[in-house]
Amino acid sequence: MNFRPSFVLALSAAVAAFSAFWLGCFALIVPGIFLVAAILLFALRTSEGKRRKGAAIFLAVLAAVTAAVSAGFVVVRDNYEKAPALGGEYVVTGTVSSVSGYDGGVRLTVKDLAFLSEEEYFTSDCKLYLYIYGGEPFDAGTHIRFTASVEELDFVSYGEVNANAVISGVKYRANASLADVETQGKDFDLFGTVRDRMREVLYIALERDTADVAYAMMTGDSSLIDEGLMDNFRYGGVAHIFAVSGLHIAALYAVFAAVFKKVRVRAAVRLPVVALVLSFYTGVCGFTPSAVRSLIMCLVLALADAGGMKYDALNSVSAASLAVILINPVYFYSVGFRLSVAAAAGIIVLGGSMSRLIGHVRVFPKRAVSAVSVCVSAQIASFPLLLDAFGYVPALSLLLNLIFVPLIGAVFLVLFVCTAVACCLPFAAGYILWLPGLLLSLSTTLILVSDWEILLICGFSFGGCVLLWYAVWFLLSDRINLRTLPRTAAVFLLSAAFVLAMIFKNCTFGGAEMKICARYGTELILLDCGVAEYIVVTGEIDAEQTERILLKEGVKKTDGVFLACGAAEANAALAVLLDSTDVSAAYTAEGSGLSEYFRSAPVYETEGAFSLPGIQAEFVDPEGVLLCAGGAGVLAAGDGFTADGYCPADILVSGEDRPDIAAACGAEIFVRFEKTVGDYSVYASGDLQIGIKDGIITVKGMGFSDEVRIV
-6 MNFRPSFVLA
4 LSAAVAAFSA
14 FWLGCFALIV
24 PGIFLVAAIL
34 LFALRTSEGK
44 RRKGAAIFLA
54 VLAAVTAAVS
64 AGFVVVRDNY
74 EKAPALGGEY
84 VVTGTVSSVS
94 GYDGGVRLTV
104 KDLAFLSEEE
114 YFTSDCKLYL
124 YIYGGEPFDA
134 GTHIRFTASV
144 EELDFVSYGE
154 VNANAVISGV
164 KYRANASLAD
174 VETQGKDFDL
184 FGTVRDRMRE
194 VLYIALERDT
204 ADVAYAMMTG
214 DSSLIDEGLM
224 DNFRYGGVAH
234 IFAVSGLHIA
244 ALYAVFAAVF
254 KKVRVRAAVR
264 LPVVALVLSF
274 YTGVCGFTPS
284 AVRSLIMCLV
294 LALADAGGMK
304 YDALNSVSAA
314 SLAVILINPV
324 YFYSVGFRLS
334 VAAAAGIIVL
344 GGSMSRLIGH
354 VRVFPKRAVS
364 AVSVCVSAQI
374 ASFPLLLDAF
384 GYVPALSLLL
394 NLIFVPLIGA
404 VFLVLFVCTA
414 VACCLPFAAG
424 YILWLPGLLL
434 SLSTTLILVS
444 DWEILLICGF
454 SFGGCVLLWY
464 AVWFLLSDRI
474 NLRTLPRTAA
484 VFLLSAAFVL
494 AMIFKNCTFG
504 GAEMKICARY
514 GTELILLDCG
524 VAEYIVVTGE
534 IDAEQTERIL
544 LKEGVKKTDG
554 VFLACGAAEA
564 NAALAVLLDS
574 TDVSAAYTAE
584 GSGLSEYFRS
594 APVYETEGAF
604 SLPGIQAEFV
614 DPEGVLLCAG
624 GAGVLAAGDG
634 FTADGYCPAD
644 ILVSGEDRPD
654 IAAACGAEIF
664 VRFEKTVGDY
674 SVYASGDLQI
684 GIKDGIITVK
694 GMGFSDEVRI
704 V
């Protein structure tokens, strides 16, 4: 394999960011080893008496990069977690820095914060998310004042780094009504003002749905798109058009480069102008990781072109990734950044091999070979990341991207030019944006009118197996020089290891398996008994989060739903589950009254113990159900559960830390949905996988695996 220093440095930076999360300051041991190796290598001479200066210098640079990333990650995390702790109601003043939408309202990102309560007053350099239900967008730069209960955001939530909030510097969140928000003047905000003007002219000139899509394409903010319409883009596999990246930045660069070369503008003028325009547009889009990565790649290409040097795409994407991680190591944990880099690297590494392979198919049009190879390469590289991040991959995404992306790329260029003109001439926006609006409506019609949800690949995940996946495809590429026999043997062995690892990770071998999932208030227990699958609900659940969890776990049908919650929550939860999956039956405690309201699925009000395939069940409280599966008792307790008497169980699952329930059941394992100390927490460790077999309970979460024998 040809040695590329930038590739090795970028890969090392990613490993350093990963290590810093798990090891903290101890991750600095690795760059220390590199530095010692560099010193030794420089000190030792070869048999000819020469020093290995080149290798020593590279190791020293490698030590510096990994040390910078590791230390940077630790500092960012430490600063974020040491921000002033808040709890209770405050009078908050601040300045709106950006505006986005959510279902039913708007979300303001507020900076320059000052907090006032009866006990204290202080300011903070952090930012705050303010959710206003039913509110209209505020202009960027507007000073606001409101009273609300303020909550803190954590660096890690549900087993994942809260990357978007950390990168944006957002530490707090609050909810307020529009009437409670008082405006107090306005400052000029360059990027925010441009975004506001773009939003204004697009929504004046275009119909609402078309304006939502146009604004998302231009700025990368898809929050204003109706959730149902957004699902069509996601399930069709083309939602990446709203992540400002290569499709946008590279297209603009190509147009500018072509125009400047046509009019023969000198490189000394061409390069600064292109860099300024692309940098400004990236700022308007909020300097997202994918946009920054694409910007750096284009600037490297521009520098190579200006200097008459040969452009190396792999070096370019490596340099861009390295720069982004050095700016803020938390970018490594951004799903958008990883997908952007994976897609670009996949095209670069696999594109040539795929193009030659597809070119051998005689019936395939020669002009389409390049486009198909690019799409296939990007799909292969992003497939495992998409599946692990979102729980599904659209089965027809390859076909739709082949048709849709070139079309939407051309529409974007027309939309960009017309929007820029309309921002300067807002009184004529309706005429200027008529054509791009029409083109955008026509190009997205197929996506919006079709139901792509039935064509999703889901129900399994890659996890650490992703390394084997990439190793196999890297060996199959033309980036490594191996003879046919060792290449074939290596691919066969790695493929076999990959298949076995995936089977071990995703399959249940006897006994019972329970998956405990939670996302921002939505709490579900998924129980697989081998012969049947069940869902336990202990409170109110959100439709979007529930659908995401069920898709990720591949739950298309459930043999029963246990509603261990209050009547109002059970009523709403069952309605959500009926929209997300096929429910054979639902079970509640005696006297819930739900059996009178649902006709699409039978609801049974139970009293005492009863049997179902694979399990024994009993509602020991209107908001608590005791299940016996695989030889272990599982008590799922809702927020209103009252520990009235002794109900023995091996596993207790509840929202908060409830010593009264723990004393009443005498469980060996305590699982909490919320943040807790000393017990297993879904909030801290992510989705928990609990296996019950042969009298042993195995608990697996983020970075740990424990076993407890049932006594």
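Position one of the sequence shown corresponds to residue -6 (the working numbering), numbered consecutively onward. Note that beta-carbon positions come from the ideal geometry of N, C-alpha and C, so glycine has one too. Since the structure is predicted, the reported quantities are computational estimates derived from the model, not experimental observations.
In the structure shown, D653 falls within a helical segment according to DSSP collapsed to helix, strand and coil.
With 16 or more neighbouring CB atoms inside 10 Å of its own CB, L240 falls in the buried class. Using a Cβ-Cβ distance cut-off of 8 Å, the region 638 to 646 and the region 615 to 627 are in contact, since at least three pairs of beta carbons, one from each stretch, lie closer than that value.
The region 334 to 349 and the region 366 to 373 touch, with no fewer than 3 CB-CB distances between them shorter than 8 Å.
At least 7 Å separates the beta-carbon of V62 from that of A3.
Where N308 is concerned, the enclosing alpha helix (DSSP H) starts and stops at 306 to 320. If you check the CB distance, G94 and G127 do not come in under 7 Å. Judged by DSSP secondary structure, R512 falls within the beta strand (DSSP E) whose first and last residues are 505 to 512. T515 places its beta carbon less than 7 Å from that of I534. If you ignore the 5 residues before and after C522, its C-beta comes within less than 6 Å of the C-beta of A505, G607, I608, A622, all in its own chain and listed in chain order. When secondary structure is reduced to three states using DSSP, A560 falls in the helix class. Counting C-beta pairs with one atom in each stretch, the region 439 to 453 and the region 384 to 395 have three or more that are closer than 8 Å, which means they touch. Approximately 4 Å separates the beta-carbon atoms of T102 and S91; this is inside 8 Å, confirming the contact.
Short of 6 Å from the beta carbon of P615, and not among the five residues preceding or following it, lie these beta carbons of its own chain, in chain order: A582.
Here D521 is bridged, per DSSP, to E506, E526. For S142, the enclosing beta strand (DSSP E) has its first and last residue at 135 to 145. When the Cα atoms are used, V267 and A413 turn out to be separated by approximately 16 Å. The distance from the Cβ of C558 to that of T531 is about 6 Å, consistent with a contact at the 8 Å cut-off. Three or more Cβ pairs closer than 8 Å define a contact, and the region 426 to 437 falls short of that threshold against the region 457 to 472.
N474 carries a coil assignment under DSSP once its states are collapsed to helix, strand and coil. Contact fails between the region 104 to 123 and the region 226 to 245, because fewer than three Cβ pairs, one in each stretch, are under 8 Å apart.
Listed in chain order, the non-local C-beta contacts of F235 below 7 Å within the same chain comprise A209, M210, G213, S215, local neighbours out to five positions each way being set aside. Taking a contact to require three or more Cβ pairs closer than 8 Å, the region 243 to 254 and the region 339 to 349 do not qualify as touching. Minimum Cα-Cα distance from E661 among the listed residues V675, A677, I689 corresponds to I689.
By the CB criterion at 7 Å, L570 and E546 fall outside the cutoff. The Cβ atoms of S314 and F0 lie no closer than 7 Å to each other. Judged by their CB atoms, G152 and G679 are nearer to each other than the 7 Å cut-off.
The DSSP-derived three-state label of D105 is strand. For E220, the uninterrupted alpha helix (DSSP H) segment begins and ends at 220 to 229. Rounded to whole angstroms, the gap between the alpha carbons of W15 and F697 is 12 Å. Linking T86 to S117 through their CA atoms gives a straight-line distance of about 11 Å.
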